[in-house]
Amino acid sequence: MTQQSPTAQVLPMPGRGTGVTEDARSIEWPDVVRRLRSGGFRWFTSLRPDGHPHTRPVFAVWSESVLFTASKGTARKSRNLDVDGRCSIATEVDGAHVVVEGVASRVVDEETLRQASAAFQDVYGWPTRVAGDELDADYGAPTSGGPPYRIYQITPTTAYAFPANGDFFPTRWTF
Numbered sequence: 162m163t164q165q166s167p168t169a170q171v172l173p174m175p176g177r178g179t180g181v182t183e184d185a186r187s188i189e190w191p192d193v194v195r196r197l198r199s200g201g202f203r204w205f206t207s208l209r210p211d212g213h214p215h216t217r218p219v220f221a222v223w224s225e226s227v228l229f230t231a232s233k234g235t236a237r238k239s240r241n242l243d244v245d246g247r248c249s250i251a252t253e254v255d256g257a258h259v260v261v262e263g264v265a266s267r268v269v270d271e272e273t274l275r276q277a278s279a280a281f282q283d284v285y286g287w288p289t290r291v292a293g294d295e296l297d298a299d300y301g302a303p304t305s306g307g308p309p310y311r312i313y314q315i316t317p318t319t320a321y322a323f324p325a326n327g328d329f330f331p332t333r334w335t336f
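Position one of the sequence shown corresponds to residue 162 (this note's numbering), numbered consecutively onward.
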């Protein structure tokens, strides 16, 4: 995979109470990627078959130009993504609220599964291994349903960064 070069647009902030300081700057995409490569929980939203959102905390890792997330095959989010891959991931890291919208697809090839496994190890210290078309692990989150896990690759279509403390301008990137 090659690193995508998204197009940035600073979002206008009309009105009072926007909170951006006079010395605010634009946030650069590499700063957002650094935040996406950090650990912590992400809020993942997929769409139920009836169109209603389904939001849950997940592990998600940035690797090269995509996000990876793991999901039990019987989980609602897996069933949602198998029907409609549109989704979003949101997090707050180092004074930035980051939202990535994209399209998820299930990963089944060994090379990409190994890439996802390495990313989970690097970011979360979570050792996983390829087992057929899923990742297996000795443990998982108590609410995960337990291993093995399907891996979904989220290809971004749009990303946003909003300042939590007013030190940069809200920015949108399109891919």
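The beta carbon of each residue, even a glycine, is placed where N, CA and C say it ideally should be.
**Message:** So, does the segment 199 to 213 touch the segment 239 to 258, judging by three or more C-beta pairs under 8 Å?
**Reply:** The segment 199 to 213 vs the segment 239 to 258: in contact.
**Request:** Determine the DSSP secondary structure at Ala-320, reduced to helix, strand or coil.
**Result:** Mapped onto the sequence shown, residue 320 falls at position 159. The answer is strand: DSSP assigns Ala-320 an E or B state.
**Short Cβ contact (7 Å threshold) for Ala-169 with His-258** = Translated into positions along the sequence shown, residue 169 becomes position 8. Translated into positions along the sequence shown, residue 258 becomes position 97. No, the pair does not count as a contact, with Cβ atoms beyond the cut-off.
**Close-in-space but distant-in-sequence residues of the same chain around Ser-232 (CB under 7 Å, 5 per side omitted)** = Locating residue 232 in the sequence shown gives position 71, counting from the first residue. Cβ within range, chain order: Lys-238, Ser-239, Tyr-310, Arg-311 and Tyr-313.
**Request:** Determine the burial state of Gly-286: buried for a count of at least 16 other Cβ atoms within 10 Å of its Cβ, exposed for fewer.
**Result:** For the purposes of this step, residue 286 is identified with residue 125 of the sequence shown, where counting begins at 1. Gly-286 is exposed by the Cβ-count criterion.
**Prompt:** Excluding sequence positions up to five away, which residues of its chain have a Cβ less than 6 Å from the Cβ of Glu-262?
**Reply:** Translated into positions along the sequence shown, residue 262 becomes position 101. Here the set comprises Ser-249, Thr-318 and Thr-319.
**Message:** Which residue marks the beginning of the beta strand (DSSP E) containing Glu-253, and which one marks its end?
**Reply:** Within the sequence shown, numbered from 1, the residue matching residue 253 stands at position 92. Note, Glu-253: beta strand (DSSP E), 247 to 254.
**Prompt:** For the 8 Å Cβ check, are there 3 or more pairs between the segment 267 to 276 and the segment 190 to 197?
**Reply:** no
**Request:** Under 6 Å Cβ to Cβ from Val-171, same chain only, skipping five residues before and after it: list those, please.
**Result:** What you label residue 171 is simply residue 10 of the sequence shown in a count that begins at 1. Excluding sequence neighbours, Val-171 sits near Ser-187, Phe-330 and Thr-332.
**Message:** If I follow the unbroken beta strand (DSSP E) through Val-219, where does it start and stop?
**Reply:** On the sequence shown, position 58 is the one that residue 219 refers to. Unbroken beta strand (DSSP E) run through Val-219: 214 to 219.
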